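Novice: Quick one: the structure is below, questions incoming.
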Ligand SMILES: *[C@@H]1O[C@H](CO)[C@@H](O)[C@H](O)[C@H]1NC(C)=O
Ligand SMILES: *[C@@H]1O[C@H](CO)[C@@H](O)[C@H](O)[C@H]1NC(C)=O
């Protein structure tokens, strides 16, 4: 929209023009969400940021937080100065609130308490009257990852190779598993086996066949890049085993 204008010689025309302009340029403010995903752990209390810039008082406006992948998709809805609880998704009942004192400054950030794994996803903040929308991605990580455990599960006396197995529990989202030798070189391993438990957390395991030429020390590293979580365990195998 082009909001520039030039002065008109007739002041009354200018006034009308100016009023039209003020009306049509309204809504130039934008809803701003975070550029990076918000990362939280299960049971955290968090804030999903969303604010109008430049600021505008939104206390009296309808304000909506939704998750398009849910049905019903309302996470939080405020209308006529009241929070509507009946229309929202049952999973969010009693866990969401707006910061009432911030609404005057156009800040409609959402407080979400006792985060669950199922809260992970894309949220939209929306002000229908201004037709402004923004989105916030929430990544929920398990707060219970275990350090990998390495077991020696086999040897081959002919080739002098040793088979190692690594297992780690309690992950979410699904992590990747890497094997490294003593110099930090990546070893080629079998496929990672992933099992999802009744608690929705992932247990991962991976096997690798190593020979003495790789060195005697091996590391199993389990990592989840989105949530910036990593755990590793090192094993030292004495020469007698090869
Ligand atoms: C919006 O309000 C929340 C909660 O008070 C605060 O953490 C956040 O910094 C505010 N955002 C802006 C842009 O002021
Ligand atoms: C995770 O990050 C590491 C280090 O930056 C990178 O080597 C690896 O490829 C990434 N993994 C995935 C699945 O993106």
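In the numbering used here, the protein residues as written are 165 to 406.
Quick reminder that beta carbons are idealized off the backbone N, C-alpha and C, glycines included.
Every value quoted in this text rests on a predicted model; they were computed, and no experiment measured them.
Using a Cβ-Cβ cut-off of 8 Å, state whether residue 195 counts as contacting chain D.
Specialist: You won't find chain D in this structure, because it holds only one protein chain.
Novice: Can you check DSSP and say which residues form a bridge with residue 271?
Specialist: Answer is 215.
Novice: With H, G and I counted as helix, E and B as strand and the rest as coil, what does DSSP make of residue 283?
Specialist: In the structure shown, residue 283 sits in a helix (DSSP, three-state: H, G or I).
Novice: Less than 7 Å separating the Cβ of residue 211 from some heavy atom of ligand 1?
Specialist: Yes; taking the cut-off as 7 Å, the Cβ of residue 211 has a heavy atom of ligand 1 nearer than that.
Novice: Could you give the C-beta distance for residue 381 and residue 330, rounded to a whole number, given that I count them as a contact under 8 Å?
Specialist: Rounded, the Cβ-Cβ distance is 14 Å, inconsistent with contact.
Novice: Within the region 314-402, note down every full beta strand (DSSP E) run reaching 3 residues or more, in order along the chain.
Specialist: Listed in chain order, the complete beta strand (DSSP E) runs (minimum 3 residues) inside the region 314-402 are 325-335, 340-345, 357-360, 366-374, 381-388 and 393-400.
Novice: Any heavy atom of ligand 2 closer than 7 Å to the CB of residue 340?
Specialist: It does: the Cβ of residue 340 is within 7 Å (strictly closer) of some heavy atom of ligand 2.
Novice: How long is the line joining the alpha carbons of residue 309 and residue 384, rounded to whole angstroms?
Specialist: Going from the Cα of residue 309 to the Cα of residue 384 covers about 14 Å.
Novice: Exposed or buried, which one is residue 347 when buried takes at least 16 other CB atoms within 10 Å?
Specialist: It counts as exposed.
Novice: Pull the bridge partners of residue 202 from the DSSP assignment, please.
Specialist: DSSP output for residue 202 lists 302 as bridge partner(s).
Novice: For the region 349-357 against the region 293-305, do three or more pairs of beta-carbon atoms, one drawn from each stretch, fall closer than 8 Å, so that the two count as touching?
Specialist: Touching, no, given that fewer than three Cβ pairs across the two stretches are closer than 8 Å.
Novice: Tell me whether residue 220, by its Cβ, gets closer than 7 Å to a heavy atom of ligand 1.
Specialist: Result no, Cβ not under 7 Å from ligand 1.
Novice: So the candidates are 210, 270, 231 and 203; which of them puts its Cα closest to the Cα of residue 222?
Specialist: Closest option to residue 222, Cα to Cα, is 270.
Novice: When the Cβ atoms of the region 269-283 are set against those of the region 210-219, are three or more pairs found closer than 8 Å?
Specialist: Yes: the two stretches touch, three or more of their Cβ pairs being nearer than 8 Å.
Novice: What's the C-alpha gap between residue 292 and residue 228?
Specialist: Those two C-alpha atoms are separated by around 8 Å.
Novice: Of the residues 225, 212 and 236, which one's Cα is nearest the Cα of residue 242?
Specialist: Ranking 225, 212 and 236 by Cα distance to residue 242 puts 225 first.
Novice: With a threshold of 7 Å, establish whether the CB of residue 273 neighbours any heavy atom of ligand 1.
Specialist: Yes; taking the cut-off as 7 Å, the Cβ of residue 273 has a heavy atom of ligand 1 nearer than that.
Novice: Indicate the three-state DSSP secondary structure (helix, strand or coil) for residue 276 in the structure shown.
Specialist: In the structure shown, residue 276 sits in a strand (DSSP, three-state: E or B).
Novice: Short of 8 Å in beta carbon distance, which residues of its chain neighbour residue 249, apart from the five on each side in sequence? Order them along the chain.
Specialist: For residue 249, where only same-chain residues beyond five positions count, the Cβ hits under 8 Å are 257.
Novice: How big is the Cα-Cα spacing for residue 322 and residue 405?
Specialist: When rounded, the distance between both Cα atoms is 12 Å.
Novice: The beta strand (DSSP E) spanning residue 238 covers which residue range?
Specialist: 238-243 is the extent of the beta strand (DSSP E) around residue 238.
Novice: Over the uninterrupted beta strand (DSSP E) stretch that includes residue 228, give me the two end residues.
Specialist: Note, residue 228: beta strand (DSSP E), 227-230.
Novice: Just checking my contact of residue 312 with residue 395 at CB under 8 Å: how many whole Å lie between their CB atoms?
Specialist: Confirmed, Cβ separation roughly 6 Å.
Novice: How big is the Cα-Cα spacing for residue 245 and residue 197?
Specialist: Distance between the alpha carbons of residue 245 and residue 197: 23 Å.
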